Amino acid sequence: MQAGIGENGFAPINEKVEGDGKSPTGIFELGKLFTYLDSADTKMAFQKTTAEDKWIDDPESENYNRYLQGETDAQSYENLLLKSDAYKYCMVIEYNTNPVVKGKGSAIFFHLNKTGNESTAGCVAITEENMLRVLKWLDPKSNPHIIMGNKDELLSGLRL
């Protein structure tokens, strides 16, 4: 299955930084699913997205790389309800979430794009057709993870 990744490729292990346009390299848990819909054909936990839902990407904010609903004093954040369908299904890739290290990158999601190979700001994006297949297949009891990076980097730097 084709997937879009960061416009500047993958960051080497532990070298991802905020705003570099790179996807992180590593093995990451798949977290909560946000969706524009009332229901989703998945066993994964999901939440219907509203206009109040945000993901903070301001490294100076105390809520950096965190989900927040409502008002914020953060200087920048991702709205999770977009005019496009990019976040119609938007699953959190648990990169830099526990613990959060300011400036190491934020708002890394598994979401939609039209062709399945359009680049992103650092997320992983696939077509809606493929996302629906993945969501139906995922089971939280199996502790799902995503493996991200180029093969050589992964084999040399990670214990699989």
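Going by UniProt numbering, the first residue of the sequence shown is number 1, and it counts up by one from there.
Cβ coordinates follow ideal geometry from the N, Cα and C atoms, glycine included.
The structure presented is a predicted model; accordingly, all values stated were derived computationally and were not measured.
For Lys-136, the enclosing alpha helix (DSSP H) starts and ends at 128-137. By the Cβ-count criterion, Lys-48 is exposed, with fewer than 16 other Cβ atoms from all chains shown falling within 10 Å of its own Cβ. Only exposed fits Leu-37, as fewer than 16 other CB atoms lie within 10 angstroms of its CB. Between the alpha carbons of Glu-118 and Ile-108 lies a gap of roughly 15 Å. Nearest to Asp-20 by C-alpha distance, out of Gly-9, Ala-74, Leu-30, Asp-73, is Gly-9. For Ala-40, the number of other beta carbons within 10 angstroms of its own is at least 16, and it is reported as buried.
DSSP links Ser-106 through a beta bridge to no other residue. With respect to the 8 Å criterion, Gly-4 and Lys-22 are not classified as neighbours on the basis of their beta carbons. Lys-83 sits in coil when the DSSP states are folded into three classes, being neither helix nor strand.
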